[in-house]
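Numbered according to the working numbering, the first sequence terminates at residue 619, and the numbering increases by one at each position without gaps. Using N, Cα and C, we set each Cβ at its ideal position, and we do this for glycine too. First comes the structure, then the notes that go with it.
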Amino acid sequence: MITKTLADLVTGALEKLGAEGVLSMDGAPEVAFERPKRREHGDWATNVALVAAKGQGNPRAIAEAIVERLPDNDIIDRAEVAGPGFLNFHLAPSWLHDVVRRATDPYSGFGRHRLGEGQSINVEYVSSNPTGPVNVVSGRHAAVGDSVSNLLEAVGYSVTREFYWNDMGRQIELFGASIAARYLQHFGLEADVPEDGYRGDYVIEIAQGIAREVGDKYTDADPAERDRAMRELGMARMLEAARVSLARFGTSFGVWTLESSLHESGALEAGLETLRRGDWTYEEEGALFFKSSELGDDKDRVLVRSNGQPTYFAADVAYVRHKFERGFDTLIYLWGADHHGSVPRFMAVVEALGFERKRVEVEIVQMVSLLRAGEAVRASKRAGVIVRLDELVDEVGVDAARYTFLTRSIDAPLEFDIELAKEQAPENPVFYVQYAHARICSILRRAAGEGVEATVSDAPLELLTHISEDALMRKLDSFEVVVLEAAQRRAPQRVARYVEELASAFSGFYRDCQVLTEDERLTHARLALCVATKTVIADGLHLLGVSAPERM
RNA sequence: GCGCCCGUAGCUCAGUGGAUAGAGCGUCGGACUUCUAAUCCGAGGGUCGGGGGUUCGAAUCCCUCCGGGCGCGCCA
68 MITKTLADLV
78 TGALEKLGAE
88 GVLSMDGAPE
98 VAFERPKRRE
108 HGDWATNVAL
118 VAAKGQGNPR
128 AIAEAIVERL
138 PDNDIIDRAE
148 VAGPGFLNFH
158 LAPSWLHDVV
168 RRATDPYSGF
178 GRHRLGEGQS
188 INVEYVSSNP
198 TGPVNVVSGR
208 HAAVGDSVSN
218 LLEAVGYSVT
228 REFYWNDMGR
238 QIELFGASIA
248 ARYLQHFGLE
258 ADVPEDGYRG
268 DYVIEIAQGI
278 AREVGDKYTD
288 ADPAERDRAM
298 RELGMARMLE
308 AARVSLARFG
318 TSFGVWTLES
328 SLHESGALEA
338 GLETLRRGDW
348 TYEEEGALFF
358 KSSELGDDKD
368 RVLVRSNGQP
378 TYFAADVAYV
388 RHKFERGFDT
398 LIYLWGADHH
408 GSVPRFMAVV
418 EALGFERKRV
428 EVEIVQMVSL
438 LRAGEAVRAS
448 KRAGVIVRLD
458 ELVDEVGVDA
468 ARYTFLTRSI
478 DAPLEFDIEL
488 AKEQAPENPV
498 FYVQYAHARI
508 CSILRRAAGE
518 GVEATVSDAP
528 LELLTHISED
538 ALMRKLDSFE
548 VVVLEAAQRR
558 APQRVARYVE
568 ELASAFSGFY
578 RDCQVLTEDE
588 RLTHARLALC
598 VATKTVIADG
608 LHLLGVSAPE
618 RM
């Protein structure tokens, strides 16, 4: 990247200053560059003189000294000192032509980085218990998890997307019993959904599906046996339904792990044994406790209840080990804000098991509060009050739905009004971006129809001198740093903002610069810029899990 | 009470140490004989919740207060 080249030049000047004794090079500052907001501030700027001046004199004077000592080069047209001591660099236009060429060359690594090279990351998201259909809250997690995973891959990590099913415990028991009641009702028998059971209509649908599949053979079975059968058959249906809903939303996982498999394989007991051996447990009132309070948590936590049943938390212990045993360097978890209180105990487990805390990262995705035409919807799976992801996809489409989730930081709570989402779907900025892409495709189709080929490598890019062409090329350049920062900060919204800006820059270019003209060379250059823009828009959208249509 | 997150334009939100704080929607005014008007141009709109501090420089970091969400189970 150009910033590396510039940093080397400035570092060269700083070293001269150090050698001359003008500047102490202790703790030599990192030379960071940024793109100034204002054009007159040049192409790239650095605040290194301001940083270096801390306690060592006048920043402007140091900046001047740096300028005087810059090594000879053919990149910097001129360097200026500005404001309190910024160094502004005006570059030769060729650096932008390089951006256009690299953006279209799949082997150039444009928008790709080697930050995570050789490292593997497991990203677990959406995970839930299979007691209800996938809802819009999970949609937010799915959109974010997919995009963060895509971004991590873009910066070089090997990424595994994982889903964890909590298919055990009291909620699952209740779910099975609820289906059983509906199953009996289906055959005209008297039965009640348990007090705390699941009352959604989908439970009736599942029971009917099961009735069609197995007939009435469980109507006079032993109640416990019937509940067990209904639980297993029902869960299988929920799992499949979730897979379908998520796939339809564009989300697919590399690994699905069942909590029950950790019990069955002995992993759970092995995890507990590790904690016992490390003296991290004790028994009290018949329950097994984990000494999480010694590792930063508020209190100790129960691993095995006094009735002998392991908690969900005990399975977490086994699961962390299981993931590390599979060779991942880093584990990322996307959790809902309602689980953030569990983070300290979870990190305590990581440490107690002997893993470095920094290898585990829990990202908290803030709440999605549901509204319907301004009225708060108190979502409850048990009461059957949910807004399904399928419904959202039916009403607004995958791209608009994803984009809505991805324009916000995960730290920001999201108010989601399904009626408003439907109403505003056509206004969704995602279409603005897609439109720019489709428009470019249209130009390229027309060019091809006229027998004009859009090659980039031999295009006379020096003809791109219009202010709008310049602005577009500069915006293309930003993609590289946007991808890197979005990946590092787990912040897909930066990519969403970026593609909007890029589409806007293209619109300006489209307005001001006719692409297909009598001037063959200019047409050639502008087509190359179109190809570069199309490539980057498509890449940005794909990082968000959004399609880049060729026609709209 | 304690912990985490949030408070930025009328609304929904970006921006977390740099130069004159942005976008979309909404409002008002304008532009289609044109490579796609799902577009473009212009206008209006801000005590960055309040106060204090650190810094050459704070929406951004620290303290404090106010307001909102979530959590503080041998539930998941």
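Cross-strand partners of residue i (DSSP beta bridge)
i: R145; result: H157
i: W232; result: S195, L325
i: A334; result: Note: A334 sits in no beta bridge, so no partner.
i: R455; result: N202
i: I399; result: V190, E428
i: T78; result: None; T78 has no bridge partner.
Proximity of residue i and residue j at Cβ, strictly below 7 Å
i: V215; j: V435; result: no
i: A622; j: L362; result: What the structure shows of the chain is the stretch from 68 to 619, and residue 622 is not part of that stretch, so it cannot be assessed.
i: Y269; j: P200; result: yes
i: Y285; j: R293; result: yes
i: T198; j: Q252; result: no
i: R426; j: T397; result: yes
i: R449; j: Y265; result: yes
i: E220; j: V322; result: no
i: L543; j: A170; result: yes
i: S545; j: F576; result: no
i: E547; j: G178; result: yes
i: V562; j: I604; result: no
i: I273; j: I246; result: yes
i: V598; j: A515; result: no
i: I142; j: L158; result: yes
i: L117; j: G152; result: yes
i: S614; j: D466; result: yes
i: E131; j: Y400; result: no
i: R439; j: I485; result: yes
i: L325; j: W402; result: no
i: G243; j: M305; result: no
i: A526; j: A595; result: yes
i: F472; j: A128; result: no
i: R393; j: G338; result: no
i: T453; j: N202; result: This sequence places Ile at residue 453; Thr is not what is there. Contact: yes.
Rounded Cβ spacing between residue i and residue j (contact assumed at less than 8 Å)
i: F156; j: A112; result: 7 Å
i: Y470; j: V432; result: In fact, because the Cβ distance is near 16 Å, the residues do not count as touching under 8 Å.
i: A385; j: L370; result: No, A385 and L370 are not in contact; Cβ-Cβ is about 10 Å, not under 8 Å.
i: A624; j: L528; result: No statement about residue 624 is possible, as the shown extent of the chain runs from 68 to 619 and does not include it.
i: V115; j: V98; result: 5 Å
i: V222; j: G183; result: 5 Å
i: D365; j: F413; result: Not a contact, Cβ separation roughly 13 Å.
i: L539; j: A572; result: 5 Å
i: T72; j: D213; result: Contact flag wrong, Cβ pair sits at about 34 Å.
Nearest residue (CA-CA) to residue i, options the options
i: N140; options: V118, I69, R310, R168; result: I69
i: Y174; options: R310, V281, T602; result: T602
i: T78; options: E87, E101, P103, L137; result: L137
i: A479; options: V417, I510, A404, M235; result: A404
i: R618; options: D364, R393, L511, S571; result: L511
i: D606; options: D579, R578, R557, V549; result: V549
i: E135; options: E430, Q275, L76, G212; result: L76
i: H180; options: E552, P616, E587, S161; result: E552
i: D537; options: R513, P261, V311, W162; result: W162
i: V429; options: S327, F254, V166, I477; result: I477
i: L531; options: L589, G518, V463, K390; result: L589
i: R168; options: V523, G176, R506; result: V523
Exposure of residue i, with buried meaning 16 or more beta-carbon neighbours within 10 Å
i: R372; result: exposed
i: N125; result: exposed
i: V148; result: buried
i: H407; result: exposed
i: D256; result: The sequence shown places Leu at residue 256, not Asp. That one is exposed.
i: Q491; result: exposed
i: Q560; result: buried
i: Q581; result: exposed
i: N189; result: buried
i: A554; result: buried
i: D287; result: exposed
i: G612; result: buried
i: T584; result: exposed
i: A278; result: buried
i: S359; result: buried
i: F391; result: buried
i: D579; result: exposed
i: S447; result: exposed
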